[in-house]
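Take the position in the sequence shown, starting the count at 1, then add 7; the result is the number in my numbering. C-beta atoms are modelled at their ideal positions from N, C-alpha and C, and glycine is treated no differently.
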Amino acid sequence: MTLTDIRHDLHQHPQTAGNEQYAHDAVVRHLQGLHPDKVYTHVGGWGVVAVWGKDPQAATVAVRADIDALPTGHHCGHDGHTVILMRLAELVEVRRPEHNVLLLWQPAEETGEGSCAVLESGILQQYNIKAFYALHNLPGYPLGTVVLCPRTFAAASTGVIYHLDGRETHASTPEMGLNPGLAVAEIVQRFAAFNTHATDEEFRQSTLICVHLGTPAFGTSAGHAEVMFTLRAFSNNTMEHLLAEANQAVDDIAARHGLTVARALKEPFRATENNGDHVERIAQAAEEIPLRVRYQIEPFRWSEDFAEYLLQFPGAMFGIGSGEHHPELHHPDYDFPDGLVEPAAQLFLRLVADPLPKK
């Protein structure tokens, strides 16, 4: 099978986070035709790591691709990202840099669990990683254009669920109970005030997701409510302060209404904070091909779990255009453009062959 055939086959067999056996096995079969010095399978679930280089203490350059799909299918392009790394493996096999090259096919990016599971495996920490790179395709940008964010590439975000408990009572005597309805209304209004119009590290966003209040029983006054938000920020520091402020606001409002509070975070993502030197190295590598480079100051508002690696290793994430009029990510008509595989792999090859800025 050609790489295009493999990509189309992966597209026809999408598997969600935690269930990526088909992609895992496809990657392993591809590596069997090559000669990496080390292959780790079932990493953090269904992840695969391949290493060219025998000395773990030697300088190592790492590249990540995500392999999971959405519940609706491969409508985010991870099948394409997977094949880009397969092509890069072929190129590394021929080029064989003096330092180590580590390629990671990572599961469970969509839920934010995959990077943490890979890190918990301890495999990456065995290598002296000096640079770590990843990309995401970007509809709405010219095909092959490399999109760089000098600092943060993608926002921090987390879902948060607040459980508010009062006391249910008969609907005829609501004063005998503790109905959380007014508290929910105050919380929704308070969270709306968190939103800013900033485009820098001060950016904060709160999105109301869902409210559950009581039950459809007209003889009772509600005693329990759940209110859910997604919080978002352009830096990890701002996100930390936003979450603390949100929690304090809910605690204060609940206390005034005599309610107890429990909370839970869902799918937390850190901000993907790039290293500036490695952003510049990506720009240099793109110009060598050549590929058009575009700088974007404002980070993307969606989140990426590649952020977890950048908290431990220097590196950067970048975007690559998949067409100005291409269907947007997660759209049911989205499909990864096969024409991106070769230029993206060639860009990564330059990064793994010469990973550091030329100063």
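Check: Looking at the strands, I want to know which residues DSSP matches up with K45.; Outcome: V58
Check: What residues in its chain sit with their C-beta under 8 Å from that of H42, if we drop five residues either side in the sequence?; Outcome: E100
Check: Does K366 pass the burial test, meaning 16 or more other C-beta atoms within 10 Å, or should it be called exposed?; Outcome: Residue placement at K366 is flagged as unreliable, the pLDDT there being 47, under the threshold of 50; the coordinate-derived value follows with that caveat. That one is exposed.
Check: When the Cα atoms are used, what is the spatial distance from I216 to V195?; Outcome: 10 Å
Check: Determine, using beta carbons only, whether G326 and F160 come nearer to each other than 9 Å.; Outcome: yes
Check: So who's on the other strand from A138, going by DSSP bridges?; Outcome: V68
Check: In this structure, does DSSP put E116 in helix, strand or coil?; Outcome: coil
Check: I need the DSSP call for L356, collapsed to helix, strand or coil.; Outcome: helix
Check: Pull up the distance between the alpha-carbon of A192 and that of R270, whole angstroms please.; Outcome: 17 Å
Check: Using DSSP's beta-bridge definition, name the partner residues of Q212.; Outcome: R239
Check: In whole angstroms, give me the CA-to-CA distance for L354 and N186.; Outcome: 59 Å
Check: Give the straight-line distance between the Cα atoms of R158 and P223, rounded to the nearest whole angstrom.; Outcome: 49 Å
Check: Starting from the C-beta of A292, find all residues in its chain whose C-beta is less than 7 Å away, skip the five residues before and the five after it, and write them out in chain order.; Outcome: L354, R357, L358
Check: List the whole-angstrom C-beta distance separating R94 from L10, where the pair is believed to meet the contact cut-off of C-beta under 8 Å.; Outcome: 6 Å
Check: What does the alpha-carbon distance come out to for the pair G188 and F225?; Outcome: 15 Å
Check: Identify, in the order they occur along the chain, each residue of the same chain with its Cβ nearer than 7 Å to the Cβ of E175, setting aside the five sequence neighbours on each side.; Outcome: G184, T227, S228, A229, G230
Check: Return helix, strand or coil for H285, following the three-state DSSP convention.; Outcome: helix
Check: Tell me, please, whether the region 82-97 touches the region 27-37 by the rule of three or more beta-carbon pairs shorter than 8 Å.; Outcome: yes
Check: Pull up the distance between the alpha-carbon of R308 and that of E97, whole angstroms please.; Outcome: 34 Å
Check: Would you kindly report the start and end of the unbroken beta strand (DSSP E) that includes L272?; Outcome: 267-276
Check: For a test of the three-state rule: what should DSSP assign to K366, helix, strand or coil?; Outcome: At K366 the pLDDT is 47, less than 50, meaning the model places this residue with poor confidence; the figure from the coordinates comes in the next sentence. Residue state, collapsed to three classes: coil.
Check: If we count the other Cβ atoms within 10 Å of its Cβ and call it buried at 16 or more, is Q263 buried or exposed?; Outcome: Per the sequence shown, residue 263 should be read as Arg rather than Gln. Exposed, because fewer than 16 other Cβ atoms sit within 10 Å of the Cβ of R263.
Check: Need the endpoints of the beta strand (DSSP E) that D172 sits in, please.; Outcome: 163-172
Check: Just tell me which of E252, L38, S122, L249 has its CA closest to the CA of L318.; Outcome: S122
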